[in-house]
Structures are given as structure tokens and as C-alpha cells.
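Undergrad:
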Amino acid sequence: MNSSKPGVINTISLLLLIFTFELFAKSSIKEFHLSLEQHVFSPAELTIPADEKVKLIIHNLDNEAEEFDSFDLNREKVIFPRKSAVIYVGPLPPGRYEYFGEYNPTSAKGVIVVEVQNAR
Amino acid sequence: MLVNTIILFLRDLLPIFILLGIIAVVFKHLTFSLTFVVITLCCASAGVIGYFHLLPALSDAYMGSGIELSQVILILISMVSLLTAYVLSRIESHSRIQKVFLLFAITAFVIVRASAFIIFLDGYLMKQEFTSNIIVGIALGTGICLSLVALLYFLLLWLQASKLAFTVTLLFALFIAGQVAHSSIILHQINLIDSSIRLWDSSPVIRDASEYGHFFKALLGYEARPTLVFALSYLLTVLLILILHWRCRRPAPSIPMATGGTKNAG
Numbered sequence: 137m138n139s140s141k142p143g144v145i146n147t148i149s150l151l152l153l154i155f156t157f158e159l160f161a162k163s164s165i166k167e168f169h170l171s172l173e174q175h176v177f178s179p180a181e182l183t184i185p186a187d188e189k190v191k192l193i194i195h196n197l198d199n200e201a202e203e204f205d206s207f208d209l210n211r212e213k214v215i216f217p218r219k220s221a222v223i224y225v226g227p228l229p230p231g232r233y234e235y236f237g238e239y240n241p242t243s244a245k246g247v248i249v250v251e252v253q254n255a256r
Numbered sequence: 122m123l124v125n126t127i128i129l130f131l132r133d134l135l136p137i138f139i140l141l142g143i144i145a146v147v148f149k150h151l152t153f154s155l156t157f158v159v160i161t162l163c164c165a166s167a168g169v170i171g172y173f174h175l176l177p178a179l180s181d182a183y184m185g186s187g188i189e190l191s192q193v194i195l196i197l198i199s200m201v202s203l204l205t206a207y208v209l210s211r212i213e214s215h216s217r218i219q220k221v222f223l224l225f226a227i228t229a230f231v232i233v234r235a236s237a238f239i240i241f242l243d244g245y246l247m248k249q250e251f252t253s254n255i256i257v258g259i260a261l262g263t264g265i266c267l268s269l270v271a272l273l274y275f276l277l278l279w280l281q282a283s284k285l286a287f288t289v290t291l292l293f294a295l296f297i298a299g300q301v302a303h304s305s306i307i308l309h310q311i312n313l314i315d316s317s318i319r320l321w322d323s324s325p326v327i328r329d330a331s332e333y334g335h336f337f338k339a340l341l342g343y344e345a346r347p348t349l350v351f352a353l354s355y356l357l358t359v360l361l362i363l364i365l366h367w368r369c370r371r372p373a374p375s376i377p378m379a380t381g382g383t384k385n386a387g
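Residue numbers (the working numbering), protein chains in the order written: chain D, 137 to 256; chain S, 122 to 387.
(1) Using the beta-carbon of each residue, which ones in chain S are nearer than 7 Å to Ile194 of chain D?
(2) For Ile255 of chain S versus Ala201 of chain D, is the C-beta spacing smaller than 8 Å?
(3) Tell me which residue opens and which closes the beta strand (DSSP E) that Asn196 of chain D is part of.
(4) How close, in whole Å, do the beta carbons of Ile194 of chain D and Leu170 of chain D come, if the pair is a contact with beta carbons under 8 Å?
(5) My assumption, with CB atoms under 8 Å, is that Ala229 of chain S sits in contact with Ser199 of chain S. Please give the rounded CB distance.
(6) What's the C-alpha gap between Ala386 of chain S and Glu213 of chain S?
(7) For Arg217 of chain S, which residues from the same chain have a beta carbon less than 6 Å from its beta carbon, with the 5 sequence-adjacent residues on both sides left out?
(8) According to DSSP, which residues form a beta bridge with Ser171 of chain D?
(9) Name, going along the chain, the residues of the segment 256–281 of chain S whose beta-carbon falls closer than 8 Å to a beta-carbon of chain D.
(10) Please return the same chain residues whose Cβ sits closer than 7 Å to the Cβ of Ser304 of chain S, not counting the five positions on each side in sequence.
(11) Using a Cβ cut-off of 7 Å, pull out every chain S residue sitting near Ala201 of chain D, in sequence order please.
(12) So if I threshold CB-CB distances at 9 Å, which residues from the segment 126–144 of chain S count as touching chain D?
(13) I think Phe225 of chain S touches Ser202 of chain S, with their Cβ atoms under 8 Å apart; what is that distance to the nearest whole Å?
(14) What's the gap between the Cα of Leu175 of chain S and the Cα of Leu269 of chain S?
(15) What do you reckon, are the CB atoms on Phe204 of chain D and Tyr235 of chain D nearer than 8 Å?
(16) To which residues does DSSP link Ser206 of chain D through a beta bridge?
(17) Taking C-alpha atoms, which residue in S:Ser354, S:Val159, S:Phe130 and S:Ile311 lies nearest to Ala237 of chain S?
(18) Check the Cβ of Ala330 of chain S against every Cβ in chain D and list those closer than 7 Å, keeping chain order.
(19) Please state the DSSP three-state secondary structure of Thr161 of chain S.
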């Protein structure tokens, strides 16, 4: 029984190391903001870096719920009135990725432009 | 507004109709009494209303990941319950236990799917705008879903009676795998898993946003640009269900022999 203790401790240490690494990795994720007002997303075009995971925070300033939906990004999330929602996007190759508000698709729409940044 | 209501109805509620259609065929040996239907309806309705009221609070929970986490948990509860009922139907004939698991499966699935549509409805009914469009949209959506599921139901019944009975099991497995694999996308959205490697892009053939895309997503969990984690979870779930299908078989009834011994039938 005692011989299994170092194994358990090593496993827990490894898990903690991975968890710490995960925490560290997540803290370096860049944040981008979108807001929804009068069923219109702004900015209509948001540029994010290519090949990098980013955190997208969407603020719903309206008094009605909206669903952020994007087939290009494979993301959908309900944003309740006067609340914010967080989704993670990427890493993505350069390109234009359309999104829209599922409940008001004619007015609430925009594009996320993925660009290679700091290219030399 | 009318078109949008139909699209949302199909996206959110068609999977429920498909689940019920598949259950009606796969578990056709069970007799679903009116009491069972009423209990299921009551549980699902109470669950949807309760979950709908919890959603705003859940959206803030767990650093904004509460809704996704609860959705994944409910989908997994639903699919595990469905699979348990199936395994029980293969090994034993405890119809009451099978029905209890089916009740869990249907209730959890309806809670996840219907709550998204209720949020949409709530917004418009509060404003009392486009009410007639919404009513017509719901009527048309219900008609489309019922027609599709009726076709699916009779196709599955025909397959079950033919030499292709295994395809019903395969479709059952693919349906569950699709739901499980889509949970990986939800977990990726909240950064709980990393699955950025995309395996292929079948958008030129069937786009996710198209009618076929919606239908095959509801039926088989179709994804135009699946990630490695999506594909792996899909494949592993199908394999698990098929292994359970082959391993869990009702023992063949023993037939008494003329000499007094027994032998296995078949």
C-alpha cells in the first residue's frame, strides 16, 4: 500500500502542473469586445490575430435577449438583456468570418476579420 | 420574422421530434401508456420552465460558462439514459426501468433544446409584436417536423422488418454520437478543451447553414468542418454503442430436449 503513495503524489503533482500551465496559458489569451445596441453589433468588423485563440466578450446593451450565432466560427451563445457573454474563438486561419444575431438577423450582423499581425 | 421562427423551430425542436421517432421504433416492444406520456410531458414542461428561469443566473456562473456546462451535463444525462434503456432492452425485459431511463432521456433532452426556443419566443411575446407571424411559424414548423419524423418513423419500421434491421441500430448510434460529439464544440467554446485541428471541410457539399445541414445535424450530428476531438468523440461513441449492441444480448431461451437435457435455441 505504501509503495503506491509516491505514485499518487507524482500523479497529483503532474495534474497540478498541467492545471497551473492551463491557468497560465489562459491568462495570456487576448480579449476582444463586441457590443449589441438597438439590435446592431459594433464594431461591425472586428479584427483578431490569426492562429491564436482569443476571448470574445459580447455585451448586450438591449433590453431583449439575443443569440450570437456564426456558422463560420461554429459558435452560438445566448446573451441575456444587459448582460455580457464570453466565448473563445480560434486559432483560425486568416479570413472573414460572418456572424449574426439569431433573433434579429437582418440588423444584427457583422464580420470577424482574422489577419496575420506583426508580419515582417 | 416568419422564416426566422421556422428556422429556429427546426434548429431547436427538430432534434426532439427525431429523438421521439427513434424511441418509438427502437423501443416499440414497450407499451407507452397515456400515464407515461402525461408524466413525461409534465416533467419536461416543468424542467423547461425551471431551466428557463435559471438561465440568466447560469449565464453569469462559472466565469460565464454556466449555460454551456449545464447544457453538456443535460445532453450527457440524456444520452447515457437513452443508452442504458437500450442496453436494458437487450438483456432484460424490465419495461418499467427502461421507461424510467427513457423519461430521464426525453426530459433532459427537451430541457436543453426547448429552452433555447422559449428564450426567442419570450422576447417577442413580451413586445407583443409579430404574434401572428410567430403563431404561423410555430404551426408550419410543427407541420414540417411531424412530416419529417413520420417519414423517418415509417422508413425505420420498414428497415427493422427487412434484412437491413441493423441500420436502425446504426442510426440510433449515430444520433447519440452526434449529440455527444456536439458537446465537444460547446466545451471548446468555453475553452475547457482544445480542439483546433480541423480535419476536413465539406461545406461545398452540404453547408451547416443549409436546410440539409440543419436536418443532418439534427439526425446524425453533421458538422461541415469537424475538429479532431469532434471526430474522435463521434467515432468512440459509435464504437461503444455497437460494442454494447453486440455484447449485450438477451440469453437465448433454452429448449428442453426429449432426453431430458436442454440445448440453446439458435
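Glycine residues also receive a C-beta, built at the ideal position from the N, C-alpha and C atoms.
Here the structure is a predicted model, which means the values were calculated and not measured.
TA: Let me lay it out:
(1) The residue labelled residue 194 of chain D in the question sits at position 58 within the first sequence. In chain S, no part has a C-beta under 7 Å from the C-beta of Ile194 of chain D; the shortest such distance is about 10 Å.
(2) One-based indexing of the second sequence puts residue 255 of chain S at position 134. One-based indexing of the first sequence puts residue 201 of chain D at position 65. Cβ atoms of Ile255 of chain S and Ala201 of chain D: not closer than 8 Å.
(3) Locating residue 196 of chain D in the first sequence gives position 60, where the first residue counts as 1. Looking at the DSSP string, the run of the beta strand (DSSP E) that includes Asn196 of chain D is Val190 to Asn196.
(4) The residue given as residue 194 of chain D occupies position 58 in the first sequence. The residue given as residue 170 of chain D occupies position 34 in the first sequence. The Cβ separation is near 5 Å, so the contact holds.
(5) What you label residue 229 of chain S is simply residue 108 of the second sequence in a count that begins at 1. What you label residue 199 of chain S is simply residue 78 of the second sequence in a count that begins at 1. With a Cβ gap of about 4 Å, Ala229 of chain S and Ser199 of chain S count as contacting.
(6) Residue 386 of chain S sits at position 265 when you count from the first residue of the second sequence. Residue 213 of chain S sits at position 92 when you count from the first residue of the second sequence. The predicted position of Ala386 of chain S is uncertain, since its pLDDT is 39 and thus under 50; no value can be drawn from it.
(7) Against the second sequence, residue 217 of chain S aligns to sequence position 96. Within the same chain, Arg217 of chain S has no close Cβ partners at all.
(8) Along the first sequence, one-based indexing puts residue 171 of chain D at 35. DSSP lists D:Ser178 and D:His195 as partners of Ser171 of chain D.
(9) So nothing in the stretch comes that close.
(10) For the purposes of this step, residue 304 of chain S is taken as the residue at position 183 of the second sequence. If we look at Ser304 of chain S and ignore the five residues flanking it on each side, its Cβ neighbours are Val193, Ile196 and Leu197.
(11) Against the first sequence, residue 201 of chain D aligns to sequence position 65. Ala201 of chain D reaches chain S at Ile240 and Gly244, counting residues in chain order whose Cβ is nearer than 7 Å.
(12) Per Cβ criterion, the list reads Ile128, Leu129 and Arg132.
(13) As a working mapping, residue 225 of chain S is identified with position 104 in the second sequence. As a working mapping, residue 202 of chain S is identified with position 81 in the second sequence. The C-beta distance from Phe225 of chain S to Ser202 of chain S rounds to 4 Å, short enough to meet the 8 Å contact threshold.
(14) Taking the second sequence and counting its residues from 1, the one referred to as residue 175 of chain S is at position 54. Taking the second sequence and counting its residues from 1, the one referred to as residue 269 of chain S is at position 148. Using only the alpha carbons, I get a separation of about 32 Å.
(15) In the first sequence, the residue the question calls residue 204 of chain D occupies position 68. In the first sequence, the residue the question calls residue 235 of chain D occupies position 99. Yes, the pair counts as a contact, with Cβ atoms nearer than the cut-off.
(16) Taking the first sequence and counting its residues from 1, one reaches residue 206 of chain D at position 70. D:Arg211, per the DSSP bridge assignment.
(17) Along the second sequence, one-based indexing puts residue 237 of chain S at 116. For the options S:Ser354, S:Val159, S:Phe130 and S:Ile311, the alpha carbon positioned closest to that of Ala237 of chain S is the one of S:Phe130.
(18) For the purposes of this step, residue 330 of chain S is taken as residue 209 along the second sequence, with counting starting at 1. Residues of chain D passing the Cβ test: Phe207.
(19) The residue you call residue 161 of chain S lines up with position 40 of the second sequence. Under the three-state reduction of DSSP, Thr161 of chain S is assigned to helix.
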